[in-house]
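**Student:** Quick one: this structure, given as structure tokens, is what I'll be asking you about.
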Amino acid sequence: MSDAFAAQYDPAAIEATLYAAWRDAGLFHARADGAVDPYVVMMPPPNVTSVLHVGHGLNNTVQDVLVRFERMRGRTALWLPGTDHAGIATQNVVERALAKAGHTRFDLGREAFVEKVWEHVKATGGSILGQLAAIGASCDWDRTYFTLDPGLSTAVREVFVRLHEKGLIYRGHYIINWCPRCLTALSNEEAEKEEVRGHIWHLRYPLADGSGHVTVATTRPETMLGDTAVAVHPKDKRYRKLIGRKLRLPLVDREVVIVADDAIDPAFGTGAVKVTPAHDPTDFEIGKRHGLMSIDVMTPEARMAATVPEAFQGLDRFEARKLVVRRFEELGLLEKVEDHAHAVGHCYRCHTIVEPRLSEQWFVKMAPLAKPALQAYRDGRLRFIPEHRGEEYAQWMENIRDWCISRQLWWGHRIPVWYCDGCGKTHVSRTDLVTCQCGAPLRQDEDVLDTWFSSWLVPFSSLGWPEQTKDLAAFYPGTVLVTAPEILFFWVARMVMAGCEFMGDIPFSTVYLHGTVRDTQHRKMSKSLGNGIDPLGVVQQYGADALRYTLVAGMSVGTDVILDPNNIEGTFAAGRNFANKLWNAGRFILTNLEGPTRPLAGGPSALRDDELTLADRWIIARCDATVREATEAYERFRLNDAAAAVYRFLWSDLADWYIELIKPRLYGEAPGGDVARAVALKTFDVALRLLHPIMPFVTEALWQRIPGKPDGAWLPSAGWPRPDGRAASPEALRKFGLVQELVGAVRTIRAEYDVQPGKAVRVAVQHPGAEAAAAFRDEAATIRRLAKVSELIWGESGESVGGYAVLGDGTGVFVPLGDAIDVARECGRLGAEIARLQQLVASQEKKLSNEQFVSRAPADVVGKEREKLATWRDQVTTLQEKRGRLGC
RNA sequence: GGGCGAAUAGCUCAGCGGUUCAGAGCGCCUGCCUUACACGCAGGAUGUCGGGGGUUCGAAUCCCUCUUCGCCCACCA
2 MSDAFAAQYD
12 PAAIEATLYA
22 AWRDAGLFHA
32 RADGAVDPYV
42 VMMPPPNVTS
52 VLHVGHGLNN
62 TVQDVLVRFE
72 RMRGRTALWL
82 PGTDHAGIAT
92 QNVVERALAK
102 AGHTRFDLGR
112 EAFVEKVWEH
122 VKATGGSILG
132 QLAAIGASCD
142 WDRTYFTLDP
152 GLSTAVREVF
162 VRLHEKGLIY
172 RGHYIINWCP
182 RCLTALSNEE
192 AEKEEVRGHI
202 WHLRYPLADG
212 SGHVTVATTR
222 PETMLGDTAV
232 AVHPKDKRYR
242 KLIGRKLRLP
252 LVDREVVIVA
262 DDAIDPAFGT
272 GAVKVTPAHD
282 PTDFEIGKRH
292 GLMSIDVMTP
302 EARMAATVPE
312 AFQGLDRFEA
322 RKLVVRRFEE
332 LGLLEKVEDH
342 AHAVGHCYRC
352 HTIVEPRLSE
362 QWFVKMAPLA
372 KPALQAYRDG
382 RLRFIPEHRG
392 EEYAQWMENI
402 RDWCISRQLW
412 WGHRIPVWYC
422 DGCGKTHVSR
432 TDLVTCQCGA
442 PLRQDEDVLD
452 TWFSSWLVPF
462 SSLGWPEQTK
472 DLAAFYPGTV
482 LVTAPEILFF
492 WVARMVMAGC
502 EFMGDIPFST
512 VYLHGTVRDT
522 QHRKMSKSLG
532 NGIDPLGVVQ
542 QYGADALRYT
552 LVAGMSVGTD
562 VILDPNNIEG
572 TFAAGRNFAN
582 KLWNAGRFIL
592 TNLEGPTRPL
602 AGGPSALRDD
612 ELTLADRWII
622 ARCDATVREA
632 TEAYERFRLN
642 DAAAAVYRFL
652 WSDLADWYIE
662 LIKPRLYGEA
672 PGGDVARAVA
682 LKTFDVALRL
692 LHPIMPFVTE
702 ALWQRIPGKP
712 DGAWLPSAGW
722 PRPDGRAASP
732 EALRKFGLVQ
742 ELVGAVRTIR
752 AEYDVQPGKA
762 VRVAVQHPGA
772 EAAAAFRDEA
782 ATIRRLAKVS
792 ELIWGESGES
802 VGGYAVLGDG
812 TGVFVPLGDA
822 IDVARECGRL
832 GAEIARLQQL
842 VASQEKKLSN
852 EQFVSRAPAD
862 VVGKEREKLA
872 TWRDQVTTLQ
882 EKRGRLGC
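All residue numbers for the first sequence refer to the working numbering, where the first residue is 2 and numbers rise by one.
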């Protein structure tokens with residue numbers, strides 16, 4: 002450590018050094034041998050090429066706080082980091098780079114392209130992990146994984162083969178979500194439904210015999226080029242007679258039949274539905290039931306294919322839509338157009354509208370996997386925070402649909418399936434195959450697996466599965482999964498299913514879903530909106546602790562974190578200021594240790610009561626209460642409460658009061674300096690530990706300077722403070738509370754009467770309660786010092802002009818101010834105060850004269866209310882006496 | 001179309017086992033460079049706790065309803 006103890010905390014000067022020291026000391030490494038009550042957190046692996054954004058910042062700060070907390074409590078804490086190869090996203094990045102040079106991946110060919118992606122990943126990939134270090138993330142870097150690592154790839158194949166053997170993986174022709182931009186199939190989850198305001202067109206299809214027409218309603222007129230039927234409900238009287246009749250499809254001049262199908266809702270649209278089996282899932286099912294033809298009318302890029310009339314060929318689907326509508330209009334077959342809002346799927350990577358498309362893909366049968374995963378939730382073995390998220394999980398599990406896992410990409414785990422063109426056999430294999438048993442060469446399936454097909458395995462694949470490793474034995478199942486709600490279904494739910502299927506147990510028992518970081522208009526932060534906050538910029542300018550504190554203090558269970566990208570200073574200053582406050586409090590305590598002090602091996606309570614002042618006992622009690630509050634808050638994931646508790650203790654109690662009032666003792670102007678030093682140091686030490694999970698750097702920087710700290714000891718492994726029964730003292734809290742009230746009252750009077758800051762005043766304390774009297778005697782020096790009081794008078798001061806106040810326990814406070822004050826103003830003030838109290842008295846009397854209340858409310862409640870009334874009455878009497886003496 | 005959250009000081013939010021609960025931080029106003037800190041100290045103002053109705057001796061706190069935001073799910077073309 003540098004010896005500089007500057008008046009201003011400089012995070013940039015110490016963060017990197019401290020982080021390296023922790024890492025080099027092996028503090029973040031969890032040993033599988035002799036692991037103690039393991040606490041395991043799987044980091045949601047960021048995309049390998051991504052750059053840290055504030056969402057990552059929030060997610061990883063939360064994980065780090067939890068992990069540091071549990072590690073300090075002595076548990077073997079494993080926070081396992083990794084990166085995701087992110088199939089579509091990463092391939093897109095490299096393809097865009099190629100496009101700039103005027104090339105496509107097809108120009109390069111598969112092998113060269115994949116090589117290129119690897120180059121890109123090796124050159125730039127994983128830098129996000131270094132960025133996590135910059136915010137203080139205490140992950141076990143020795144175990145960092147990449148989803149394309151050999152070990153994880155083995156796990157992927159193992160899982161594919163096992164599921165296939167169980168009949169849970171199959172290949173088939175179905176309507177899937179197709180992204181015409183990424184040129185790949187997507188899962189249902191990857192096609193994000195978004196409300197789109199469009200139109201619904203009513204198109205007339207003439208009957209083949211010219212005897213009339215049927216009107217169909219559609220939101221996608223261009224698909225009519227691929228219609229092979231019109232369907233109506235079998236019981237729909239309007240159309241019953243037409244079932245089986247033929248229609249002549251305009252534009253394509255094809256005859257299509259009218260079929261009856263239960264899937265049709267007679268109440269919607271016209272009750273007659275055009276059927277396009279190749280471009281709509283419902284139509285596909287109808288087509289299967291009625292043996293209809295499927296005509297694919299689009300190319301992979303969603304242009305009109307060679308299967309449509311020449312006039313439409315090559316047109317983009319939306320151009321084709323316009324043209325179809327125009328043609329219908331020209332033919333007099335466009336009945337009407339209505340506005341219509343409906344949910345349309347968008348590619349989650351490039352936001353292009355997905356096209357439902359018939360194609361051959363690989364699927365995982367999900368229902369059997371969902372069963373135990375749902376059961377775990379129903380049993381209470383898997384819990385969600387906030388709780389209501391569990392219902393979303395359950396709903397999804399209950400309505401689960403099969404998972405399309407094949408992607409028409411090149412970057413990813415290639416599907417471990419080989420086809421023989423000789424004998425036609427299909428081989429599913431753990432190892433690469435070259436030749437078929439029949440002697441013919443094999444060719445591997447061209448597709449790769451969905452990126453999530455590797456990430457759903459990480460709770461065990463990252464620990465060495467399918468090998469039975471020590472890590473796996475020690476750290477599976479894990480403990481908590483921390484993430485944003487967005488990937489609940491993509492990742493969390495699937496991990497639970499994989500854990501149940503392959504490990505026989507859920508991978509974690511708690512899912513903590515924190516909010517999303519949004520701007521003040523509640524918009525998600527994103528590059529395209531330009532409303533993002535660069536966490537690394539914040540770290541540079543304000544320090545990692547300020548970033549972390551702001552994120553943690555701003556979050557509460559179940560709500561989003563709102564930050565203002567247009568007011569970075571206002572957003573992060575509080576965190577920076579707090580770090581600086583801490584730094585200066587520490588600077589004061591640590592530089593005032595010269596002179597005798599007490600070794601406090603057993604904690605503050607090791608001091609004998611008779612050598613502690615009221616203030617000492619108070620701060621010790623407050624410290625102890627803070628230990629309880631903070632610990633419970635961390636345990637309950639109420640990180641903002643933990644932050645607030647320690648903030649209050651450090652700033653309001655320790656800095657504002659205790660440090661101020663022990664100054665005379667430290668300077669040798671009052672006895673007990675050794676005890677004050679010991680108490681200040683010890684309570685400060687405790688506070689540093691309590692705050693370390695949230696603000697690791699500044700706490701460590703200060704803790705390293707604590708004298709007597711064992712050589713080579715670091716805060717992350719320094720242990721967690723325990724609540725101490727002997728330290729708790731309600732009596733000290735009450736009594737010192739009265740001292741604070743008294744000081745506050747005098748300060749208020751001083752301010753109200755513009756008494757010069759340097760000028761001392763006298764204070765008369767009148768009919769104090771027993772505790773107040775004792776407290777004021779004990780802390781007379783404190784009162785004199787903090788309220789600038791020259792003399793504490795017991796009873797009457799003999800003067801009549803001055804400021805009055807009444808403390809909560811009824812003690813009167815009179816500050817004689819001689820001619821220096823405005824009598825009329827003080828009379829008014831007293832009058833207002835009396836009126837306020839009288840109102841309270843009146844409503845209290847009413848309450849207590851209410852027979853219903855007195856008889857029905859619990860006795861202790863009634864007793865308390867009576868006490869309140871008595872106190873207020875006393876206060877009124879006191880104030881009226883004062884008013885009388887002022888001659889109001 | 002289903003399901004679910006949230007509405008409390010100018011801002012972000014606590015408080016929701018009913019009876020000192022109307023609070024915190026930031027912001028704002030006033031006075032202070034008091035030998036740890038002006039990224040500071042002291043003092044202060046601000047809210048019919050979204051509207052309406054109900055239960056109760058008593059409701060931000062429980063129930064109903066309305067309004068406004070937000071989230072999740074959904075093959076009504």
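The beta-carbon is built from N, C-alpha and C at its ideal position, and this holds for glycine as well.
Predicted model only: the values in this text are computed from it and were never measured.
#1: Suppose you measure from the CA of Gly199 to the CA of Ala645; what does that come to, to the nearest Å?
#2: What residue ranges within the stretch 366-415 form continuous beta strand (DSSP E) runs of no fewer than 3 residues, ordered along the chain?
#3: For Phe147, list the residues DSSP reports as bridge partners.
#4: Which residue marks the beginning of the alpha helix (DSSP H) containing Asn178, and which one marks its end?
#5: On the DSSP letters alone, give me the boundaries of the alpha helix (DSSP H) that Ile15 sits inside.
#6: How many Å lie between Gly720 and Val687 at the Cα?
#7: Per DSSP, Phe364 forms a beta bridge with which residues?
#8: Can you tell me whether Gly346 is helix, strand or coil according to DSSP?
#9: Buried or exposed, going by whether 16 or more other CB atoms sit within 10 Å of the CB of Asn567?
#10: How do the stretch 157-174 and the stretch 58-71 stand: do at least 3 beta-carbon pairs fall below 8 Å, yes or no?
#11: Could you tell me how far apart the beta carbons of Val276 and Ala232 are, in whole angstroms, since I believe they sit closer than 8 Å?
#12: Exposed or buried, what is Tyr171 when buried is set at 16 or more other beta-carbons lying within 10 Å of its beta-carbon?
#13: To which residues of the same chain is Val744 closer than 8 Å at the C-beta, ignoring the five residues directly before and after it?
#14: Under 8 Å between the Cβ atoms of Leu548 and Gly58?
#15: Assuming Val215 and Leu252 make a contact with CB atoms under 8 Å, what is their CB distance in whole Å?
#16: With a Cβ-Cβ cutoff of 8 Å, do Ser456 and Pro46 count as a contact?
#17: Could you give the distance in angstroms between the alpha-carbon of Gly127 and the alpha-carbon of Arg144?
#18: Where does the unbroken alpha helix (DSSP H) through Leu130 begin, and where does it stop?
#19: For the structure I just gave you, are there three or more beta carbon pairs, one from the stretch 527-540 and one from the stretch 477-493, closer than 8 Å?
#20: Just verifying my parser: in three-state terms, what is the DSSP assignment at Ala602?
#21: Starting from Gln767, trace the beta strand (DSSP E) both ways and give me its first and last residue.
#22: Write down the C-beta distance between Asp561 and Gly516 rounded to the nearest angstrom, noting that I regard them as a contact closer than 8 Å.
#23: Tell me which same chain residues have a C-beta within less than 7 Å of the C-beta of Ala78, skipping the five on either side of it?
#24: Can you find the residues in the same chain that come closer than 6 Å, C-beta to C-beta, to Val157, ignoring five residues on each side of it along the sequence?
#25: What do you get for Gly603, buried or exposed, if any count of 16 or more other CB atoms within 10 angstroms of its CB means buried?
#26: Is it the case that the stretch 438-445 contacts the stretch 174-183, given that we only count it when at least three CB pairs across the two stretches are under 8 Å?
#27: Hey, Ala135 and Val540 are a contact pair by Cβ (cut 8 Å); roughly how many whole angstroms apart?
#28: For Val483, which residues from the same chain have a beta carbon less than 6 Å from its beta carbon, with the 5 sequence-adjacent residues on both sides left out?
#29: Can Tyr550 and Phe579 be called in contact, C-beta distance under 8 Å?
#30: Using only the alpha-carbon positions, how far apart do Glu116 and Pro417 sit?
#31: Hey, how far is the Cα of Val435 from the Cα of Asp85?
#32: In this structure, does DSSP put Cys351 in helix, strand or coil?
#33: Would Val338 be called buried (16 or more neighbouring beta carbons within 10 Å of its own) or exposed?
#34: Assess contact between the stretch 370-384 and the stretch 341-350, defined as three or more Cβ pairs (one per stretch) separated by less than 8 Å. Is contact present?
#35: Once the 5 residues before and after Arg874 are set aside, which same chain residues still bring their CB inside 7 Å of it?
#36: Quickly, what does DSSP pair Cys421 with across the bridge? List them, please.
**Tutor:** Inspection of the coordinates gives the following:
#1: For this step, residue 199 is matched to residue 198 along the first sequence. For this step, residue 645 is matched to residue 644 along the first sequence. Going by the C-alpha atoms only, they are around 49 Å apart.
#2: 384-386
#3: Start at 1 with the first residue of the first sequence, and residue 147 comes out as number 146. Looking at the DSSP assignment, Phe147 forms a beta bridge with Thr84.
#4: For the purposes of this step, residue 178 is taken as the residue at position 177 of the first sequence. For Asn178, there is no enclosing alpha helix (DSSP H); the enclosing beta strand (DSSP E) covers residues 170-180.
#5: As a working mapping, residue 15 is identified with position 14 in the first sequence. Looking at the DSSP string, the run of the alpha helix (DSSP H) that includes Ile15 is 12-25.
#6: Taking the first sequence and counting its residues from 1, one reaches residue 720 at position 719. Taking the first sequence and counting its residues from 1, one reaches residue 687 at position 686. So the alpha carbons of these two residues sit roughly 10 Å apart.
#7: Stepping through the first sequence from its first residue, residue 364 is reached at position 363. In the DSSP output, where bridge partners are listed per residue, Phe364 has Tyr171, Cys405.
#8: Residue mapping note: residue 346 aligns to position 345 of the first sequence, counting from 1. In this structure, Gly346 counts as strand in the three-state DSSP scheme.
#9: To locate residue 567, count along the first sequence from 1; it is residue 566. Exposed, because fewer than 16 other Cβ atoms sit within 10 Å of the Cβ of Asn567.
#10: no
#11: For the purposes of this step, residue 276 is identified with residue 275 of the first sequence, where counting begins at 1. For the purposes of this step, residue 232 is identified with residue 231 of the first sequence, where counting begins at 1. The pair is a contact, with the Cβ atoms about 5 Å apart (cut-off 8 Å).
#12: What you label residue 171 is simply residue 170 of the first sequence in a count that begins at 1. Result: exposed.
#13: Start at 1 with the first residue of the first sequence, and residue 744 comes out as number 743. Excluding positions up to five away in sequence, the list reads Thr783, Ile784, Leu787, Ala788.
#14: Taking the first residue of the first sequence as position 1, residue 548 is located at position 547. Taking the first residue of the first sequence as position 1, residue 58 is located at position 57. Cβ distance < 8 Å, so Leu548 and Gly58 count as in contact.
#15: Stepping through the first sequence from its first residue, residue 215 is reached at position 214. Stepping through the first sequence from its first residue, residue 252 is reached at position 251. At roughly 16 Å, the Cβ-Cβ gap does not stay under 8 Å, so Val215 and Leu252 are not in contact.
#16: Reading the first sequence from its first residue, position 455 is the one you call residue 456. Reading the first sequence from its first residue, position 45 is the one you call residue 46. Contact: yes.
#17: Taking the first sequence and counting its residues from 1, one reaches residue 127 at position 126. Taking the first sequence and counting its residues from 1, one reaches residue 144 at position 143. Each residue's alpha carbon lies about 14 Å from the other.
#18: By one-based count along the first sequence, residue 130 stands at place 129. Counting along the chain, the alpha helix (DSSP H) containing Leu130 begins and ends at 128-135.
#19: no
#20: Mapped onto the first sequence, residue 602 falls at position 601. At Ala602, the pLDDT of 44 sits below 50, so the modelled position is not reliable; the number obtained from the coordinates is stated separately. Of the three classes helix, strand and coil, the one that applies to Ala602 here is coil, per DSSP.
#21: Working through the first sequence from its first residue, we reach residue 767 at position 766. Its beta strand (DSSP E) spans residues 762-767.
#22: The sequence position of residue 561 within the first sequence is 560, counting from 1. The sequence position of residue 516 within the first sequence is 515, counting from 1. Indeed, because the Cβ distance is near 4 Å, the residues count as touching under 8 Å.
#23: The residue labelled residue 78 in the question sits at position 77 within the first sequence. Closer than 7 Å at the Cβ level, and outside the excluded window around Ala78, lie Ala31, Tyr40, Val68, Glu71, Arg72.
#24: Counted from its first residue, the first sequence places residue 157 at position 156. His414, Ser455, listed in sequence order.
#25: Your numbering for residue 603 matches position 602 in the first sequence. In this prediction, Gly603 has a pLDDT of 46, which is less than 50 and means its spatial position is unreliable; what the coordinates show is noted afterwards. Burial call: exposed.
#26: no
#27: For the purposes of this step, residue 135 is taken as residue 134 along the first sequence, with counting starting at 1. For the purposes of this step, residue 540 is taken as residue 539 along the first sequence, with counting starting at 1. That belief holds up - the Cβ atoms of Ala135 and Val540 are roughly 5 Å apart, short of 8 Å.
#28: The residue given as residue 483 occupies position 482 in the first sequence. Val63, Gln64, Tyr513, listed in sequence order.
#29: Residue numbering aside, residue 550 sits at position 549 when the first sequence is read from its first letter. Residue numbering aside, residue 579 sits at position 578 when the first sequence is read from its first letter. Cβ distance < 8 Å, so Tyr550 and Phe579 count as in contact.
#30: Within the first sequence, the letter at position 115 stands for residue 116. Within the first sequence, the letter at position 416 stands for residue 417. Taking the straight line from one Cα to the other gives about 20 Å.
#31: Position 434 of the first sequence holds residue 435. Position 84 of the first sequence holds residue 85. Roughly 29 Å between the two C-alpha positions.
#32: For this step, residue 351 is matched to residue 350 along the first sequence. Three-state DSSP puts Cys351 in coil, outside helix and strand.
#33: Numbered from its first residue, the first sequence carries residue 338 at position 337. Looking at its Cβ environment, which holds fewer than 16 other Cβ atoms inside 10 Å, Val338 is exposed.
#34: Taking a cut-off of 8 Å for Cβ pairs, the stretch 370-384 and the stretch 341-350 do not touch, as fewer than three such pairs fall below it.
#35: Here the question's residue 874 lines up with position 873 in the first sequence. Val842.
#36: Against the first sequence, residue 421 aligns to sequence position 420. In the DSSP output, where bridge partners are listed per residue, Cys421 has Leu443.
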